[in-house]
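>
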Amino acid sequence: MAVMVSTNGSSATGTQRVKRGLAEMLKGGVIMDVVNSDQAKIAEDAGACAVMALERVPADIRRDGGVARMSDPEMIMAIQASVHIPVMAKARIGHFVEAQILESLGVDFIDESEVLTPADETHHIDKFSFDIPFVCGATNLGEALRRISEGAALIRSKGEAGTGNIVEAVRHLRSILGDIRKITQADSAELFEWAKKLQAPLPLVQEIAETGKLQVPLFCAGGIATPADAALAMQLGAESVFVGSGIFKSDDPAPRAKAIVEATTHFRDAAVLARVSRGLGVAMTGIGMDEINETQRFAQRGW
Amino acid sequence: MNVQIGVLALQGAFAAHSECLASLGVQSIEVRTPEQLIGVDALLMPGGESSTMSQLLESSGLFDPIAERISSGMPVFGTCAGMILLASEVLDGRSDQRNFSAIDISVRRNAFGRQLDSFETTVSTSVGEFHGVFIRAPRIERVGADVKVLGSINDEPVLVQQGNVLAASFHPELSGDARLHDYFVSMTSNKKKV
Numbered sequence: 001m002a003v004m005v006s007t008n009g010s011s012a013t014g015t016q017r018v019k020r021g022l023a024e025m026l027k028g029g030v031i032m033d034v035v036n037s038d039q040a041k042i043a044e045d046a047g048a049c050a051v052m053a054l055e056r057v058p059a060d061i062r063r064d065g066g067v068a069r070m071s072d073p074e075m076i077m078a079i080q081a082s083v084h085i086p087v088m089a090k091a092r093i094g095h096f097v098e099a100q101i102l103e104s105l106g107v108d109f110i111d112e113s114e115v116l117t118p119a120d121e122t123h124h125i126d127k128f129s130f131d132i133p134f135v136c137g138a139t140n141l142g143e144a145l146r147r148i149s150e151g152a153a154l155i156r157s158k159g160e161a162g163t164g165n166i167v168e169a170v171r172h173l174r175s176i177l178g179d180i181r182k183i184t185q186a187d188s189a190e191l192f193e194w195a196k197k198l199q200a201p202l203p204l205v206q207e208i209a210e211t212g213k214l215q216v217p218l219f220c221a222g223g224i225a226t227p228a229d230a231a232l233a234m235q236l237g238a239e240s241v242f243v244g245s246g247i248f249k250s251d252d253p254a255p256r257a258k259a260i261v262e263a264t265t266h267f268r269d270a271a272v273l274a275r276v277s278r279g280l281g282v283a284m285t286g287i288g289m290d291e292i293n294e295t296q297r298f299a300q301r302g303w
Numbered sequence: 001m002n003v004q005i006g007v008l009a010l011q012g013a014f015a016a017h018s019e020c021l022a023s024l025g026v027q028s029i030e031v032r033t034p035e036q037l038i039g040v041d042a043l044l045m046p047g048g049e050s051s052t053m054s055q056l057l058e059s060s061g062l063f064d065p066i067a068e069r070i071s072s073g074m075p076v077f078g079t080c081a082g083m084i085l086l087a088s089e090v091l092d093g094r095s096d097q098r099n100f101s102a103i104d105i106s107v108r109r110n111a112f113g114r115q116l117d118s119f120e121t122t123v124s125t126s127v128g129e130f131h132g133v134f135i136r137a138p139r140i141e142r143v144g145a146d147v148k149v150l151g152s153i154n155d156e157p158v159l160v161q162q163g164n165v166l167a168a169s170f171h172p173e174l175s176g177d178a179r180l181h182d183y184f185v186s187m188t189s190n191k192k193k194v
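Going down the list, the protein sequences come from chains C and D.
According to UniProt numbering, the first sequence is numbered sequentially starting from 1.
According to UniProt numbering, the second sequence is numbered sequentially starting from 1.
1. Give the DSSP-derived three-state secondary structure of D:P65 in the structure shown.
2. List the whole-angstrom C-beta distance separating D:K191 from D:G73, where the pair is believed to meet the contact cut-off of C-beta under 8 Å.
3. Ordered along the chain, which non-local residues of its own chain (more than five positions away) have a Cβ less than 7 Å from that of D:Q32?
4. Using Cβ-Cβ distances below 7 Å, what residues of the segment 164 to 183 of chain D are close to chain C?
5. I'd like the span of the beta strand (DSSP E) that includes D:G132, first residue to last.
6. With a Cβ-Cβ cutoff of 9 Å, do C:I132 and C:H95 count as a contact?
7. With respect to the beta strand (DSSP E) encompassing residue 307 of chain C, which residues constitute its N-terminal and C-terminal limits?
8. Would you call the segment 114 to 130 of chain C and the segment 140 to 157 of chain D touching, i.e. three or more CB-CB distances under 8 Å?
9. Do C:G237 and the ligand NAP come close, with the Cβ less than 8 Å from some heavy atom?
10. With a threshold of 9 Å between beta-carbons, can D:F77 be considered close to chain C, or not?
11. Any idea if C:M234 is buried or exposed, counting beta-carbon neighbours within 10 angstroms, 16 or more meaning buried?
12. Identify the continuous alpha helix (DSSP H) that holds C:Q80 and give its terminal residues.
13. Under the assumption that D:V90 contacts D:R109 (Cβ atoms under 8 Å), give the Cβ distance between them as a whole number of angstroms.
14. DSSP three-state call for C:R92: helix, strand or coil?
15. Could you check whether the segment 181 to 188 of chain C touches the segment 258 to 267 of chain C, counting it as contact only if at least three pairs of C-beta atoms, one from each stretch, sit closer than 8 Å?
16. For the segment 5 to 25 of chain D, enumerate the residues whose C-beta is nearer than 8 Å to any C-beta of chain C, in chain order.
17. What is the DSSP secondary structure of D:P157, reduced to helix, strand or coil?
18. Do you know how far the Cα of D:L44 is from the Cα of C:I260?
19. For C:I208, which option in C:K249, C:I148, C:A238 and C:S245 has the closest C-alpha, if you only look at C-alpha atoms?
20. Do you know how far the Cα of D:S71 is from the Cα of C:I31?
21. Compute the Euclidean distance between the alpha carbons of D:F112 and D:F170, then round it to the nearest angstrom.
22. Can you tell me the Cβ-Cβ gap for D:R136 and D:S118, rounded? I've got them flagged as a contact below 8 Å.
23. Strictly below 7 Å CB to CB, what residues from chain C border D:F119?
24. Does the separation of the CB atoms of D:E49 and C:G29 fall below 9 Å?
25. Please state the DSSP three-state secondary structure of C:D179.
26. Return helix, strand or coil for C:M284, following the three-state DSSP convention.
27. Using 10 angstroms around the beta-carbon of C:F192, count the other beta-carbons present and answer buried if the total reaches 16, otherwise exposed.
28. For D:N164, count the other beta carbons within 10 Å of its own beta carbon; 16 or more makes it buried, fewer makes it exposed. Which is it?
29. Roughly how many angstroms separate the alpha carbons of C:R146 and C:C220, rounded to a whole number?
30. Does any C-beta atom of chain C lie closer than 9 Å to the C-beta of D:E49?
31. Would C:P227 and C:L280 be called neighbours here (beta carbons separated by less than 9 Å)?
32. Starting from D:R108, find everything on chain C with Cβ-Cβ shorter than 7 Å and list it in chain order.
33. For the segment 48 to 62 of chain C, which residues have a CB atom closer than 8 Å to at least one CB atom of chain D, in sequence order?
34. Per the DSSP calculation, D:K43 is bridged to which residue(s)?
35. Within its chain, find whatever has a CB closer than 6 Å to the CB of C:R20; leave out the 5 residues flanking it on each side and keep chain order.
36. Out of curiosity, what's the CA-to-CA distance linking C:V107 and D:C80?
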């Protein structure tokens, strides 16, 4: 399957450019959580630009409790064999051995995910030591920049996975993008204070002041259940969306998946959004934030 | 000369292409609907997932208008997935995946492998040595008699042109070098002068 290319010995794999390059390719698309090959095919048929292979969607992880770990490699390999689009998989925060296993399986992206139970309460994975790109969740700009300084090639809002409730993702996107807007207005002396406040490396803060954007693409995850949710995230400034429980916990997954794909592309076109939102059946029930006590919130995992 | 370049923005790396064109002082607009296609002199088709784009080309009603514009001579530049969409033959694609058959090449989707095999390297091209970024890249396995090879690595074609159609298996929008975009813009201005 893999073909070696050598051009005067100057060919390089696993570089930052190659890692961030795949994140660029996923823009304007929908990455769907799937738990088996059948769901992966439904996702690909609906126009997903990638799938996230995992044993249980976040809503079930939340319901079941206990320790949530990396998925069985056999299940990930079955999904890899069933679709052409990129396949992502989740490792626990700080669990670099799970990440090594996923890399050896040749997954296209590793999600160091708060949806799984953290394996290390102090350290995230050193993502520079891998050839596979990583995506990490963030609730604010400081967290995003710390993950980028560890080598993440893509940042997603954490939102609150498995709730079907978009409110936390909106909070995180507004926080990240709002602070970016403020930093572009700051003078050079104020950037030191920003770096201190965000607990983030100064050079990354200075770079944002210059470019006005994050160093890597910013996607939305955590709570998207409808085409309108996806378009809301995109209009707020996300560049793609992850949909976890929202599709396969709904009444009729295939049409909902397709509708969310169209809504993500045509996110500013209310007429298209109205058309694709019609007759989709019942969305996942969802959970209000006041129904989840603090200790059960996934977004608080990671630092 | 003022040219209006459209960047197909259904899915994929369209933003990076727009930035690359902006660095040349060239205006571009994102194309998601048939109405947006009408005003453009040329179309850039970015990388992304060709199966996703193929479906969105259908649902947005863009497939047929783009096919007509290409056959009436509109310059078009496809990179990676965009090249797959332009090819006359796609190997290892989805059975329901549609392509424009605008350039006589056979391409194999993801033939360079998964992301672990993605790479960057020097490509010899007609505009000189170019830093090529290959992401889960397709391979050009056959080049028709009327197709010019403009770039290659180890004698393998990676940049090809047939008339108004330019195609690359790599991502010129990711290397911070706008020479190939400049070449595409000149194809468009030359066409407009005629």
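Think of the CB as a built atom: it goes at the ideal place given N, C-alpha and C, for glycine as much as any other residue.
Note that the structure is a prediction, hence the values are computed from the model and not measured.
Walking through what the data contain:
1. Along the second sequence, one-based indexing puts residue 65 of chain D at 65. Helix, per DSSP.
2. Indexing the second sequence from 1 puts residue 191 of chain D at position 191. Indexing the second sequence from 1 puts residue 73 of chain D at position 73. Sure, about 7 Å apart at Cβ, within 8 Å.
3. Reading the second sequence from its first residue, position 32 is the one you call residue 32 of chain D. As written in the sequence, residue 32 of chain D is Arg, which differs from the Gln given in the question. Leaving aside the five residues that flank D:R32 on each side, the residues in its chain whose CB is nearer than 7 Å to its CB run, in chain order, A9, L10 and S60.
4. H171 and L174
5. Taking the first residue of the second sequence as position 1, residue 132 of chain D is located at position 132. Looking at the DSSP string, the run of the beta strand (DSSP E) that includes D:G132 is G128 to F134.
6. To locate residue 132 of chain C, count along the first sequence from 1; it is residue 132. To locate residue 95 of chain C, count along the first sequence from 1; it is residue 95. No, they are not a contact pair.
7. Missing from the structure shown is residue 307 of chain C; chain C here goes from 1 to 303 and no further.
8. no
9. Because no ligand of any kind appears in the structure shown, any question about the ligand NAP cannot be addressed here.
10. Residue mapping note: residue 77 of chain D aligns to position 77 of the second sequence, counting from 1. Not one chain C Cβ lies under 9 Å of D:F77.
11. Counting from 1 along the first sequence, the entry for residue 234 of chain C is found at position 234. Classification for C:M234: buried.
12. Residue numbering aside, residue 80 of chain C sits at position 80 when the first sequence is read from its first letter. Start and end: P73 to S82.
13. Counting from one through the second sequence, the residue named residue 90 of chain D turns up at place 90. Counting from one through the second sequence, the residue named residue 109 of chain D turns up at place 109. That pair is a contact at about 6 Å.
14. The residue labelled residue 92 of chain C in the question sits at position 92 within the first sequence. Strand at C:R92.
15. With the rule of 3 Cβ pairs closer than 8 Å, the segment 181 to 188 of chain C does not count as touching the segment 258 to 267 of chain C.
16. Here the close residues are A9, L10, Q11, G12, A13, F14, A15 and A16.
17. For the purposes of this step, residue 157 of chain D is identified with residue 157 of the second sequence, where counting begins at 1. The answer is strand: DSSP assigns D:P157 an E or B state.
18. Here residue 260 of chain C is taken as the residue at index 260 of the first sequence, counted from 1. Here residue 44 of chain D is taken as the residue at index 44 of the second sequence, counted from 1. Near 25 Å, if we compare the C-alpha coordinates of D:L44 and C:I260.
19. For this step, residue 208 of chain C is matched to residue 208 along the first sequence. Nearest C-alpha to C:I208: C:I148.
20. Walking along the first sequence from the start, residue 31 of chain C turns up at place 31. Walking along the second sequence from the start, residue 71 of chain D turns up at place 71. Each residue's Cα considered, the two are about 34 Å apart.
21. Within the second sequence, the letter at position 112 stands for residue 112 of chain D. Within the second sequence, the letter at position 170 stands for residue 170 of chain D. Looking at the two C-alpha atoms, the distance is approximately 11 Å.
22. For the purposes of this step, residue 136 of chain D is taken as residue 136 along the second sequence, with counting starting at 1. For the purposes of this step, residue 118 of chain D is taken as residue 118 along the second sequence, with counting starting at 1. Yes, they are in contact, since the Cβ atoms of D:R136 and D:S118 sit about 6 Å apart, within 8 Å.
23. Reading the second sequence from its first residue, position 119 is the one you call residue 119 of chain D. The answer, in chain order, is V5, S11, A12, T13 and V18.
24. Here residue 49 of chain D corresponds to residue number 49 of the second sequence, with the count starting at 1. Here residue 29 of chain C corresponds to residue number 29 of the first sequence, with the count starting at 1. In this structure, C:G29 lies closer than 9 Å to D:E49 by Cβ.
25. Here residue 179 of chain C refers to the residue found at position 179 when the first sequence is read from its first residue. The DSSP-derived three-state label of C:D179 is helix.
26. Here residue 284 of chain C refers to the residue found at position 284 when the first sequence is read from its first residue. Coil.
27. For the purposes of this step, residue 192 of chain C is identified with residue 192 of the first sequence, where counting begins at 1. Exposed, by the Cβ-count rule.
28. In the second sequence, residue 164 of chain D corresponds to position 164, counting from 1. With 16 or more other Cβ atoms within 10 Å, it is buried.
29. Numbered from its first residue, the first sequence carries residue 146 of chain C at position 146. Numbered from its first residue, the first sequence carries residue 220 of chain C at position 220. Near 18 Å, if we compare the C-alpha coordinates of C:C220 and C:R146.
30. Your numbering for residue 49 of chain D matches position 49 in the second sequence. So, interface residue.
31. On the first sequence, residue 227 of chain C is found 227 positions in, with the first residue counted as 1. On the first sequence, residue 280 of chain C is found 280 positions in, with the first residue counted as 1. Going by C-beta atoms, C:P227 is nearer than 9 Å to C:L280.
32. Numbered from 1 along the second sequence, position 108 holds the residue referred to as residue 108 of chain D. Per Cβ cutoff of 7 Å: no residues; D:R108 is ~10 Å from chain C at best.
33. Within the segment 48 to 62 of chain C, the residues whose Cβ lies closer than 8 Å to any Cβ of chain D are, in chain order, A48, C49 and A50.
34. Counting from one through the second sequence, the residue named residue 43 of chain D turns up at place 43. It is worth fixing the name first, because residue 43 of chain D is Leu in this sequence and not Lys. BP columns for D:L43 point to D:G6 and D:V76.
35. Within the first sequence, the letter at position 20 stands for residue 20 of chain C. Within the same chain, C:R20 has close Cβ partners A153 and V216.
36. As a working note, residue 107 of chain C is residue 107 in the first sequence. As a working note, residue 80 of chain D is residue 80 in the second sequence. Spanning the two alpha carbons is a distance of roughly 20 Å.
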